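Here is the structure:
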């Protein structure tokens, strides 16, 4: 890693830590307590950003997969693989924090509501994506199969977004992008806190992505060195 | 204030999960960097012979 890249990385990590700290402070010190749900509603400030991060990560998988199929460059396959893993981690956090929030409010850990079910399907699709990558031999065929699954899997995300509008659901309606306009579904201080939290999680995505992409590149370097070594004998 | 336990559990999962994942990534990267260095050293020694 060059000195300049290392400096950029330190800057990004520092900025992410600062924004995460600000988000934590806003969640517990600035945001008001919601009248009907009470303190438990503060889970929203981690639940929605985790969902946003996972959707964004799967969008990167979708885009990188298209670019890989088009250009056949390993770089895009690396981005897709790295982003899928991050997406699965945060989608898991959505599926954990959701039931913790639901239990005291709905009286049940899980209901087979359209949004919950479609989110679980999304998680299963990308777990299958990672399993496909883990179980098949490295090479262009694996990358091609994974790219197709990465593209098809993303089609579930619009379904998740519109599910609460199309079908009767337990899950609350969208709070940020509503029919009345941007951010009209929330009190302004709650909205500010949520936006800080969303910014913090977005920055966190780039920190994790940097680490995960580096890992794939190191693996490629090892494969190249091993091949070179074998060729020299 | 009845649901503080649930709020604490959700926070613990999120931050525990993020920290665990970050530490795992760092460890994996260190192990891979060590392997790259090891292979480079072996190849350098072989080319010196």
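Protein chains in written order, with this note's numbering: chain A, 1 to 233; chain B, 1001 to 1049. The beta-carbon is built from N, C-alpha and C at its ideal position, and this holds for glycine as well. Nothing here was measured: the structure is a model prediction, and the numbers come from that model.
task = Sort out for me which residues DSSP pairs residue 38 of chain A with in a bridge.
result = Stepping through the first chain from its first residue, residue 38 of chain A is reached at position 38. For residue 38 of chain A, which the question treats as bridged, DSSP gives the partners A/34.
query = Should residue 232 of chain A be labelled buried (16 or more other beta-carbon atoms within 10 Å of its own) or exposed?
reply = As a position in the first chain, residue 232 of chain A is number 232, starting the count at 1. Exposed, because fewer than 16 other Cβ atoms sit within 10 Å of the Cβ of residue 232 of chain A.
Cβ-based burial, residue 97 of chain A [other Cβ within 10 Å; buried from 16] = Counting from 1 along the first chain, the entry for residue 97 of chain A is found at position 97. Answer is buried; the Cβ neighbour count reaches 16.
query = Is the beta carbon of residue 147 of chain A sitting closer than 8 Å to the one on residue 50 of chain A?
reply = Here residue 147 of chain A corresponds to residue number 147 of the first chain, with the count starting at 1. Here residue 50 of chain A corresponds to residue number 50 of the first chain, with the count starting at 1. Their beta carbons are not under 8 Å apart, which means residue 147 of chain A does not touch residue 50 of chain A by this criterion.
Straight-line gap, residue 1003 of chain B to residue 1010 of chain B (C-alpha atoms, nearest Å) = Residue numbering aside, residue 1003 of chain B sits at position 3 when the second chain is read from its first letter. Residue numbering aside, residue 1010 of chain B sits at position 10 when the second chain is read from its first letter. For residue 1003 of chain B and residue 1010 of chain B, the distance between alpha carbons rounds to 11 Å.
message = Considering Cα atoms alone, identify which of A/215, A/229, A/144, A/154 is closest to residue 71 of chain A.
response = Taking the first chain and counting its residues from 1, the one referred to as residue 71 of chain A is at position 71. Closest option to residue 71 of chain A, Cα to Cα, is A/144.
key: Residue from A/136, A/78, A/25, A/60 whose Cα sits closest to the Cα of residue 155 of chain A   = The residue you call residue 155 of chain A lines up with position 155 of the first chain. When only C-alpha atoms are compared, the closest one is A/60.
query = Counting only beta-carbon atoms, is residue 228 of chain A nearer than 8 Å to chain B?
reply = Counting from 1 along the first chain, the entry for residue 228 of chain A is found at position 228. Yes, contact with chain B.
query = Exposed or buried, what is residue 224 of chain A when buried is set at 16 or more other beta-carbons lying within 10 Å of its beta-carbon?
reply = The count along the first chain starts at 1 and reaches residue 224 of chain A at position 224. Classification for residue 224 of chain A: exposed.
inquiry  = Helix, strand or coil, according to DSSP, for residue 137 of chain A in the structure here?
reply    = On the first chain, position 137 is the one that residue 137 of chain A refers to. Reduced to three states, the DSSP call for residue 137 of chain A is coil.
request  = Note down, in chain order, every chain A residue with its Cβ under 8 Å from the Cβ of residue 1041 of chain B.
outcome  = Numbered from its first residue, the second chain carries residue 1041 of chain B at position 41. Chain A residues near residue 1041 of chain B: none, gap ~11 Å exceeds 8 Å.
query = To the nearest angstrom, how far is it from the Cα of residue 78 of chain A to the Cα of residue 209 of chain A?
reply = Locating residue 78 of chain A in the first chain gives position 78, counting from the first residue. Locating residue 209 of chain A in the first chain gives position 209, counting from the first residue. Those two C-alpha atoms are separated by around 10 Å.
key: Nearest neighbour of residue 217 of chain A, chosen from A/194, A/54, A/82 [CA to CA]   = Locating residue 217 of chain A in the first chain gives position 217, counting from the first residue. It is A/82 whose Cα lies nearest to the Cα of residue 217 of chain A.
query = Can residue 39 of chain A and residue 1007 of chain B be called in contact, C-beta distance under 8 Å?
reply = Position 39 of the first chain, counted from the first residue, corresponds to residue 39 of chain A. Position 7 of the second chain, counted from the first residue, corresponds to residue 1007 of chain B. In contact: residue 39 of chain A and residue 1007 of chain B (Cβ atoms closer than 8 Å).
inquiry  = Check for me: the alpha helix (DSSP H) holding residue 72 of chain A runs from which residue to which?
reply    = Your numbering for residue 72 of chain A matches position 72 in the first chain. Run containing residue 72 of chain A: none; DSSP gives neither H nor E here.
query = The alpha helix (DSSP H) with residue 1041 of chain B in it runs from where to where?
reply = As a first step, residue 1041 of chain B must be located in the second chain, where it is residue number 41. That run of the alpha helix (DSSP H) goes 1004-1048.
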